[in-house]
Amino acid sequence: MALLTLSFILLVTLGLGLLLQWLPARGSLKPTYPQRAPFLGGGSPDTHAWNRYHIRYYPMTLLLIAFEMEMMFMYPWAVVFIEKGTMAVMEMGMFLAILSVGIVYAWREGVFRWQ
5 MALLTLSFIL LVTLGLGLLL QWLPARGSLK PTYPQRAPFL GGGSPDTHAW NRYHIRYYPM
65 TLLLIAFEME MMFMYPWAVV FIEKGTMAVM EMGMFLAILS VGIVYAWREG VFRWQ
(Lines of atoms letter the chains of each structure in order from A and count residues from 1; the text may use other names and numbers.)
(Lines give C-alpha, C1' and ligand atoms only; values in the text may rest on other atoms or scores of the structure.)
Protein backbone atom coordinates (compact mmCIF):
# COMPACT_ATOMS: atom_id res chain seq x y z
CA MET A 1 0.00 0.00 0.00
CA ALA A 2 2.82 2.39 0.86
CA LEU A 3 4.56 1.63 -2.44
CA LEU A 4 1.36 2.40 -4.34
CA THR A 5 0.96 5.71 -2.50
CA LEU A 6 4.60 6.63 -3.11
CA SER A 7 4.37 5.84 -6.82
CA PHE A 8 1.14 7.86 -7.09
CA ILE A 9 2.78 10.88 -5.43
CA LEU A 10 5.82 10.48 -7.69
CA LEU A 11 3.66 10.40 -10.83
CA VAL A 12 1.60 13.41 -9.75
CA THR A 13 4.75 15.39 -8.92
CA LEU A 14 6.41 14.43 -12.20
CA GLY A 15 3.24 15.35 -14.14
CA LEU A 16 2.94 18.75 -12.44
CA GLY A 17 6.62 19.48 -13.01
CA LEU A 18 6.38 18.67 -16.72
CA LEU A 19 3.18 20.71 -17.00
CA LEU A 20 4.86 23.71 -15.40
CA GLN A 21 7.74 23.40 -17.86
CA TRP A 22 5.48 22.98 -20.88
CA LEU A 23 2.86 25.71 -20.28
CA PRO A 24 5.08 28.82 -20.39
CA ALA A 25 6.96 27.61 -23.47
CA ARG A 26 3.71 26.92 -25.35
CA GLY A 27 2.46 30.48 -25.56
CA SER A 28 5.67 32.44 -26.04
CA LEU A 29 7.52 33.29 -29.24
CA LYS A 30 10.91 31.79 -29.93
CA PRO A 31 13.72 34.30 -29.15
CA THR A 32 16.00 35.39 -31.95
CA TYR A 33 19.73 34.63 -31.86
CA PRO A 34 20.78 38.00 -30.40
CA GLN A 35 18.30 37.48 -27.59
CA ARG A 36 19.65 33.98 -26.85
CA ALA A 37 23.32 34.94 -27.04
CA PRO A 38 25.09 35.48 -23.70
CA PHE A 39 25.39 39.10 -22.68
CA LEU A 40 28.87 40.43 -23.34
CA GLY A 41 28.28 44.09 -23.97
CA GLY A 42 27.44 43.51 -27.61
CA GLY A 43 30.72 41.91 -28.68
CA SER A 44 31.79 38.35 -29.21
CA PRO A 45 34.52 36.98 -26.90
CA ASP A 46 38.12 37.21 -28.08
CA THR A 47 39.41 34.18 -26.19
CA HIS A 48 38.02 31.05 -24.66
CA ALA A 49 37.05 31.31 -21.00
CA TRP A 50 39.75 28.84 -19.91
CA ASN A 51 42.50 30.99 -21.39
CA ARG A 52 42.06 33.53 -18.61
CA TYR A 53 43.38 31.20 -15.90
CA HIS A 54 47.09 30.58 -15.89
CA ILE A 55 48.35 27.02 -15.51
CA ARG A 56 50.42 27.93 -12.43
CA TYR A 57 47.25 27.92 -10.28
CA TYR A 58 46.49 24.24 -10.89
CA PRO A 59 49.36 22.70 -8.85
CA MET A 60 48.55 24.99 -5.93
CA THR A 61 44.92 23.91 -6.19
CA LEU A 62 45.92 20.26 -6.09
CA LEU A 63 48.03 20.89 -2.99
CA LEU A 64 45.12 22.68 -1.33
CA ILE A 65 42.91 19.69 -2.05
CA ALA A 66 45.56 17.36 -0.59
CA PHE A 67 45.70 19.38 2.64
CA GLU A 68 41.92 19.50 2.83
CA MET A 69 41.75 15.72 2.43
CA GLU A 70 44.24 15.40 5.23
CA MET A 71 42.04 17.43 7.55
CA MET A 72 38.93 15.55 6.46
CA PHE A 73 40.54 12.27 7.54
CA MET A 74 42.17 13.62 10.68
CA TYR A 75 38.98 14.86 12.36
CA PRO A 76 37.27 11.45 12.57
CA TRP A 77 40.60 9.85 13.39
CA ALA A 78 40.97 12.19 16.36
CA VAL A 79 37.69 10.85 17.73
CA VAL A 80 38.53 7.15 17.50
CA PHE A 81 42.31 6.94 17.92
CA ILE A 82 42.06 6.39 21.68
CA GLU A 83 39.88 3.32 21.12
CA LYS A 84 42.07 1.87 18.36
CA GLY A 85 45.41 2.57 20.01
CA THR A 86 48.76 2.16 18.30
CA MET A 87 47.28 0.76 15.09
CA ALA A 88 45.41 4.03 14.44
CA VAL A 89 48.56 6.06 15.06
CA MET A 90 50.49 3.92 12.58
CA GLU A 91 47.74 4.23 9.96
CA MET A 92 47.69 8.01 10.29
CA GLY A 93 51.48 8.07 10.15
CA MET A 94 51.42 6.18 6.85
CA PHE A 95 48.74 8.51 5.51
CA LEU A 96 50.74 11.59 6.45
CA ALA A 97 53.92 10.03 5.02
CA ILE A 98 52.20 9.54 1.64
CA LEU A 99 50.98 13.14 1.69
CA SER A 100 54.45 14.31 2.66
CA VAL A 101 55.95 12.54 -0.35
CA GLY A 102 53.52 14.49 -2.56
CA ILE A 103 54.45 17.77 -0.90
CA VAL A 104 58.19 17.08 -1.22
CA TYR A 105 57.70 16.25 -4.90
CA ALA A 106 55.77 19.49 -5.44
CA TRP A 107 58.46 21.45 -3.62
CA ARG A 108 61.16 19.85 -5.77
CA GLU A 109 59.22 20.72 -8.93
CA GLY A 110 59.03 24.36 -7.82
CA VAL A 111 55.30 24.63 -7.27
CA PHE A 112 55.76 26.94 -4.29
CA ARG A 113 57.74 29.54 -6.25
CA TRP A 114 55.69 32.38 -7.71
CA GLN A 115 57.04 33.83 -10.93
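Under our numbering, the first residue of the sequence shown carries the number 5, and numbering increases by one thereafter.
Glycine is no exception: its CB is placed at the ideal position from the N, C-alpha and C atoms.
Using 8 Å as the threshold, is the region 92-111 in touch with the region 63-70, meaning 3 or more CB pairs across them?
These segments touch.
Inside the region 44-119 only - alpha helix (DSSP H) runs reaching at least 4 residues
With a minimum length of 4 residues, the continuous alpha helix (DSSP H) runs that stay inside the region 44-119 are 61-88, 90-113.
What is the DSSP secondary structure of PRO35, counted as helix, strand or coil?
It is coil, neither helix nor strand.
With a Cβ-Cβ cutoff of 8 Å, do PHE85 and VAL93 count as a contact?
Result yes, Cβ atoms of PHE85 and VAL93 sit closer than 8 Å.
Measure the CB-CB distance between PRO63 and VAL115 and report whether it falls below 8 Å.
Yes, Cβ-Cβ distance for PRO63 and VAL115 is below 8 Å.
Taking the alpha-carbon of GLU113 as reference, which of LEU18, ARG60, LEU27 has the nearest alpha-carbon?
Taking only the C-alpha atoms, the option nearest GLU113 is ARG60.
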